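One structure is given below, encoded as structure tokens.
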Amino acid sequence: MNLLDVLPIALLGGVLGLDVVSFPQAMISRPLVAATLAGALIGEALGGLLLGAALELIALETLPFGASRYPEWGSASVVGGAIFAANPEHPGAMTVSVLAALGTTWVGGWTMVKLRQLNAVSARRRRGALEAGARGTVISLQLMGMTADLARGALLTGVAYVALAPLAAWCLARWSMDATLSRAIVVAAAASVAGGAAWKLFHSTTGARWFFVGGLAIGFFFLFVK
Amino acid sequence: MSESGALPASAAEGSPRLPFGTRLAMFMRLLAIQGSWNYEILLGNGIGFCLEPALRGLPGGLHSPAFHTALARESRYFNAHPYLAAIAVGALARAELDQEEPARIERFRTALCGPLGSVGDRLVWAGWLPFCSLASLAVFGLGGSPLLVVLLFLGLYNLGHFGLLVWGLNTGWSHGLRVASALGNPVLRRGPQEIGRLAALATGIAIPLALGRVIGPGRSLMGEVLVAVALGSFVIVRAQTRIEGWRLSLVVLAAIVLFSVIR
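Keeping their order, the protein sequence lines are chains A and B. At position 198 of the first sequence the residue is numbered 198 (my numbering), and the sequence of numbers has no breaks. At position 114 of the second sequence the residue is numbered 1114 (my numbering), and the sequence of numbers has no breaks.
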């Protein structure tokens, strides 16, 4: 692995990490998109999409409500998508890639908290200028925050990819579980989180459970007819 | 845009006109409203940042005391959902350019925070985002290509996202300090419930279909997986106050990787 392998991944992670909160929150950072883009960068968009779908099911549980602390999926999905797209046919690739993404998303959430604290320090240092209504201060605080977020996402993605891609390759070289069971476990874990998330989101909505049951009937019909 | 870019010229309805360039600049800045989000003033600086192009229209323009006083007032603590903050930005721009009493503007700012936060969270984070995500997962499960799934998700989601920003900015600007009546809009009042039902339907469709496609070689274990999903969802709901599902997944998958590598 050299700089030219890591740099595009890190830049993509930076841009998608920026999208999570700072700019433009168009949800290009959602796993379904981010992992697919990472896969496309490696030359395996379909592999990226498969991993993105598994991560998206898990990410349904952690939506960006207000000031709550939540995992950062943009950069993490790039790391997971890139690792999976490099070995899409390996029996353990999805398990290892989802694990790499979950580890990165955890650290990513922590880096977002640190960035918000750093933004608070910057704002506090410029309180006098803000209270005087200095235009340059208002604009520079905004630009500094976004630049720091871009750098945070790029650095996180670069470091995580450099550390986790070789570790994933090492694990895959020693992988002993068959593909059927490996994939079944990942899917069961992801769909369980999605099921729990759906209940939390919609159980208080009048009539939602009947819509859910109706949806399940349609979903299973298409699943077994296909 | 000139230094005094916002020209509150009277329109036929008696409502001042916000020049297109100023409106566009405010819209673009709304996309970066959370650029300096922090635990002390939250969105405060972002609100000042978005309002700045409009405030140039105050008498005396960019270097006037009125501009600096208004920008200082608007850059203080503020909390709202980032998309619905567009309503606040529009309304505050109108109030500042109408040169309303400062104390009245400050009371208005304080009063807006709560409703714009809770309505936005229910409408967007708990409704529109999961709905778009699940609808795209359903299309993925039906065999959609990477391009189709990604474009469907981004197109659908951002139709709501950008639509809400444009509507919020326009509504805030046209109502000014009387914008509270606009919060009774059917989309904001009944939207979370209706989108919630659609999202519940999409959840039911998407989970089995997405599961069926991601599982690939594990399809022969489909029955066992479905039982595991039902049990797993139950455990996650029961344990929701103690551990989040994604952390539980991390622990389970780490154990599986260790087991498979060491064995």
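The C-beta atom is built at its ideal place from N, Cα and C for all residues, glycine as well. The structure presented is a predicted model; accordingly, all values stated were derived computationally and were not measured.
- A Cβ-Cβ distance of about 5 Å is found for the pair Trp1173/B and Arg1094/B, placing them in contact under the 8 Å criterion.
- The Cβ-Cβ distance between Trp1125/B and Ile1195/B does not fall below 7 Å.
- At a cut-off of 7 Å between beta-carbon atoms, Tyr1039/B makes contact with chain A.
- Here Arg30/A carries a coil assignment [DSSP, helix/strand/coil].
- DSSP, reduced to helix, strand and coil, places Asn1185/B outside both helices and strands of the structure shown, so it counts as coil.
- Within the stretch 15–85 of chain A, no run of beta strand (DSSP E) at least 3 residues long lies entirely inside it.
- Around Gly1204/B, the beta-carbon contacts reaching into chain A at under 8 Å are Phe211, Phe212, Val213, Gly214, Gly215, Leu216, Ala217, Ile218, Gly219.
- Within the model, the alpha-carbon separation for Val1187/B versus Gly1160/B is close to 11 Å.
- Residue pairing of Asn119/A in beta bridges, as defined by DSSP: absent, with no partner found.
- Trp1128/B has a beta carbon lying at 7 Å or more from every beta carbon in chain A.
- Straight through space, the alpha carbons of Ala169/A and Asn87/A are spaced by roughly 9 Å.
- Taking 8 Å as the Cβ-Cβ cut-off, the stretch 1059–1070 of chain B approaches chain A at Leu1062, Phe1067, His1068, Thr1069, Ala1070, given in chain order.
- In the three-state reduction of the DSSP assignment, Leu1129/B falls in the helix class.
- Nearest CB-CB separation between Ala1054/B and chain A: not below the 7 Å threshold.
- Listed in chain order, the positions of the stretch 182–205 of chain A with a beta carbon within less than 8 Å of a beta carbon of chain B are Ser182, Arg183, Ala184, Ile185, Val186, Val187, Ala188, Ala189, Ala190, Ala191, Ser192, Val193, Ala194, Gly195, Gly196, Ala197, Ala198, Trp199, Lys200, Leu201, Phe202, Thr205.
- Proximity to Gly52/A across Phe65/A, Met1/A, Arg69/A, Gly80/A peaks at Gly80/A, based on C-alpha coordinates.
- If you look at Lys226/A, you'll find it isn't in any alpha helix (DSSP H); DSSP assigns it neither H nor E.
- Pairwise C-beta distances place the stretch 1138–1153 of chain B in contact with the stretch 40–56 of chain A, as three or more of them are shorter than 8 Å.
- Closest in alpha carbon position to Ile83/A, among Ala165/A, Lys200/A, Gly219/A, is Ala165/A.
- In summary, Tyr1039/B is exposed, with fewer than 16 beta-carbon neighbours lying within 10 Å of its beta-carbon over all protein chains present.
- Taking 7 Å as the cut-off, the beta carbon of Val1229/B is found closer than this to the beta carbon of Gly195/A.
- When C-beta distances to chain B are compared with 9 Å, the residues of the stretch 98–122 of chain A below that value are Val98, Leu99, Leu102, Gly103, Thr105, Trp106, Val113, Leu115, Arg116, Gln117, Leu118, Asn119, Ala120, Val121, Ser122, in chain order.
- Excluding its 5 nearest sequence neighbours in each direction, Arg1219/B has no C-beta neighbour in its own chain below 7 Å.
- At a cut-off of 7 Å between beta carbons, Trp73/A makes no contact with chain B.
- Just measuring C-alpha positions, the residue of Pro1019/B, Phe1162/B, Leu1183/B, Val1089/B sitting nearest Gln25/A is Phe1162/B.
- Taking 7 Å as the Cβ-Cβ cut-off, the stretch 1107–1140 of chain B approaches chain A at Gly1117, Asp1121, Trp1125, Ala1126, Leu1129, Pro1130, Ser1133, Ser1136, Leu1137, Phe1140, given in chain order.
- In the three-state reduction of the DSSP assignment, Asn1045/B falls in the helix class, which pools H, G and I.
- Taking CB atoms only, Ala1032/B has a neighbour in chain A less than 7 Å away.
- A straight-line Cα-Cα distance of about 15 Å links Ala191/A and Leu99/A.
- DSSP places Asn1158/B within a helical segment (H, G or I) once states are collapsed to three.
- Interface flag for Gly1163/B against chain A is unset, since no Cβ pair is found closer than 7 Å.
- Annotation: the stretch 1081–1136 of chain B contains the following complete segments of the alpha helix (DSSP H) (minimum length 4 residues), in chain order: 1085–1097, 1102–1120.
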